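These notes concern the structure reproduced below.
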Amino acid sequence: MINENDNTIIDILLFISVTLRQFAGNCSLTCEMSNKDNDRTGHAEPYMENRACIGNYEGDDMGHDLSSDTTIWDDAVALDRRHVFHTWHAQRNLHPEEIVGGHGSWLRFADGRDRLDLTSQQVNVNIGYQLPAVIAGIRKQAELLCTIGPDYANLARGRAASLVARRAPEGFDKVFFTNAGADANENAMRAARLVTGRDKIISSYRSYHGNTGSAISATGDWRRKPNDYARGHVHVFTPYLYRSEFSATTEQEECDRALRHLEHVIQFEGPDTIAAVLLESIPGTAGILIPPQDYFRGVREITRRYGILMITDEVMTGFGRTGFWMALDDYGYTPDIITFAKGCNSGYVPAGGVIMSHDVAAHFDDVVFPGGLTYSGHPLAMGAIVAAQEAMESEHIVDNAHDVGEKVLGPRLTALMDGHPKIGEIRGKGVFWAVEMVADRSSRKPLDDATMGAIVRAGHEIGVVIGVHANRIHVTPPCVITPDEAADGVDMLEKALKEAGC
Ligand SMILES: Cc1ncc(COP(=O)(O)O)c(C=O)c1O
1 MINENDNTII DILLFISVTL RQFAGNCSLT CEMSNKDNDR TGHAEPYMEN RACIGNYEGD
61 DMGHDLSSDT TIWDDAVALD RRHVFHTWHA QRNLHPEEIV GGHGSWLRFA DGRDRLDLTS
121 QQVNVNIGYQ LPAVIAGIRK QAELLCTIGP DYANLARGRA ASLVARRAPE GFDKVFFTNA
181 GADANENAMR AARLVTGRDK IISSYRSYHG NTGSAISATG DWRRKPNDYA RGHVHVFTPY
241 LYRSEFSATT EQEECDRALR HLEHVIQFEG PDTIAAVLLE SIPGTAGILI PPQDYFRGVR
301 EITRRYGILM ITDEVMTGFG RTGFWMALDD YGYTPDIITF AKGCNSGYVP AGGVIMSHDV
361 AAHFDDVVFP GGLTYSGHPL AMGAIVAAQE AMESEHIVDN AHDVGEKVLG PRLTALMDGH
421 PKIGEIRGKG VFWAVEMVAD RSSRKPLDDA TMGAIVRAGH EIGVVIGVHA NRIHVTPPCV
481 ITPDEAADGV DMLEKALKEA GC
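Going by the UniProt record's numbering, the first residue of the sequence shown is number 1, and it counts up by one from there.
Written out as structure tokens, the structure reads:
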């Protein structure tokens, strides 16, 4: 029913329109600008005064020729356009908005306005912006020791590993730290291949696993196609009842048929060629596709039957996003390897990693693991993990995500369907929701990219940051969003839908 090529183009166009927009007024902002009038966050930090304090042009006596930058040294957007190469985009027509600060679930834009962030950026800022306890944790570690190589023991690293492993099932004690999610998946696949002595990795067409060699080949979405150089990757269809590949009409049918399809692919590929099945707990970028309750237990059974390892990608879903510490907690199964990143410290300092079950870790007790990174377990990232994990626990941030999903986002987003016929489906849990937009409910044809872009622009004017992927609005605020803020967010989203004619 869905045309994947259409989706690809829409994805690219919308990604551009979501993150980048008209900005001309922003370029001439000065440090005199007051931020107090519109401070809905209660945060009195003088963002605009701080803004020009990083880097001192006059003081550059290092022989750098910065003459071409003198006139724009205080202009973030102009500097960006001259020097910054952005991810996933053609560069010419980019017009990035300048963000000058943030607090909790709010972002301060250079136009002086605060907007409620319903995206958490790359769905990673689970603890919200500028959580004081985490800033203090990073500062404390910076004063103690900013950097130390991976070969040494370090208290922040050990504590971070212990706190992360605590969130995995029983028997997962060892953590290999990476810089982010892609290299976590890269090393998880490497481990699975070494443990099994097999080559192939099965993953979903509806997935994103990161932008490195094997991770991008394991990815199913459009980003794989121009980057598909790694060998040994096979893709399957995973459950998505709204656009079923299996002509299913119920969750149970979708589940059973997706499992049968997976097993057939394994049999036809040759089970003894397959090292692992790699799946996101809830495919995120692909559309927040909530798997049927029995699906993962079925995958576990099939993989065990054929001696195949199971890697669960919790990079986007881990640490509170779904109202559980790990999304897999809601599915009652135990994989062999878990990957994580984003929510472990909400990106305050980049970090990710691989949590290994006892058997996987034990394989490398006497066998060299041929993988490493200069910054594996970087102390500043580890300090941020320790502080973030402690804050998440003491401030009941995961419970908050669960309750906000159950009491506010779920019911209020679902209620939007009544007045908005272009909403095809609402699905999600915790602070992880998709609003699937369609041209009409009977055809389920994805809503056009121009209208999706109009929703984002209307939201910006109203005061809310709306994230769009293809024909879906992904409502993924920080896990710390309050029930009132979440309700306001849905109200603002509704206004944006109306203004865009939906
Ligand atoms: C499920 C999943 N896995 C892996 C990644 C890659 O993570 P990173 O961008 O930190 O490398 C992402 C990024 O969005 C993701 O959503």
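The C-beta atom is built at its ideal place from N, Cα and C for all residues, glycine as well. Because the structure is a prediction, the values reported are computed rather than measured.
In this structure, D313 has its CB closer than 6 Å to one or more heavy atoms of ligand 1. Going by DSSP, G453 is part of the alpha helix (DSSP H) stretching over 449-462. Here W222 carries a helix assignment [DSSP, helix/strand/coil]. Distances from the alpha-carbon of Y295 to those of P446, V315, D256 put D256 closest. Not a single heavy atom of ligand 1 lies less than 6 Å from the C-beta of A439.
Here the stretch 211-221 makes no contact with the stretch 364-373; the two share fewer than three CB pairs at distances below 8 Å.
Two segments are said to touch when three or more pairs of C-beta atoms, one from each, lie closer than 8 Å; by this definition the stretch 76-95 does not touch the stretch 447-455. With a threshold of 6 Å, the Cβ atom of A381 does not count as near ligand 1, since no heavy atom of the ligand is closer than that. Following the DSSP letters along the chain, one finds A391 inside the alpha helix (DSSP H) bounded by residues 379-394.
In the DSSP annotation of this structure, the continuous segment of the beta strand (DSSP E) that includes L279 starts and ends at 274-280. The Cβ neighbour count for P132, taken over all protein chains shown within 10 Å, is under 16; the residue is labelled exposed. With respect to the C-alpha of K422, the residue from K407, V431, A439, G428 having the closest C-alpha is A439. In the three-state DSSP reduction, A351 falls in the coil class, being neither helix nor strand. Here V234 carries a strand assignment [DSSP, helix/strand/coil]. In this chain, the beta strand (DSSP E) harbouring D313 covers 309-313. For D151, the closest C-alpha among the options L373, I455, A486, D484 is that of L373. Here P483 carries a helix assignment [DSSP, helix/strand/coil]. A contact between stretches requires three or more CB pairs, one per stretch, nearer than 8 Å, and the stretch 197-205 fails this requirement with the stretch 388-404. C479 sits buried, since 16 or more C-beta atoms from the chains shown fall within 10 Å of its C-beta. For G181, the enclosing alpha helix (DSSP H) stretches over residues 181-196. In the same chain as A182, and ignoring 5 residues on each side of it, the C-beta atoms closer than 6 Å to its own belong to G210, N211, T212, A215, in chain order. Beta-bridge pairing by DSSP links R472 to E436, H469.
With respect to the C-alpha of G343, the residue from A180, V468, T196, K429 having the closest C-alpha is A180. Positions of the beta strand (DSSP E) runs, each at least 3 residues long and wholly inside the stretch 83-129, are given as 99-103, 106-109, 114-117 in order along the chain. Within the chosen limit of 6 Å, ligand 1 reaches the beta carbon of E280 through at least one heavy atom. Burial state of Q267 is exposed, judged by a 10 Å Cβ sphere holding fewer than 16 other Cβ atoms. Y229 and T87 have their C-alpha atoms roughly 19 Å apart.
At a Cβ-Cβ threshold of 7 Å, A156 and P379 count as neighbours. Per DSSP, reduced to three states, the secondary structure at M326 is coil, with no helix or strand assignment.
For T119 and F340, the gap between their C-alpha atoms comes out near 19 Å.
DSSP places T71 within a helical segment (H, G or I) once states are collapsed to three. Separation of R115 and V490 (C-alpha to C-alpha, rounded to the nearest whole angstrom) is 13 Å. For T317, the closest alpha carbon among the candidates D173, R82, S207 is that of S207.
Secondary structure note for E425: its beta strand (DSSP E) is the uninterrupted segment 423-429. With a threshold of 6 Å, the Cβ atom of M326 does not count as near ligand 1, since no heavy atom of the ligand is closer than that. For ligand 1, no non-hydrogen atom lies closer than 6 Å to the CB of H469.
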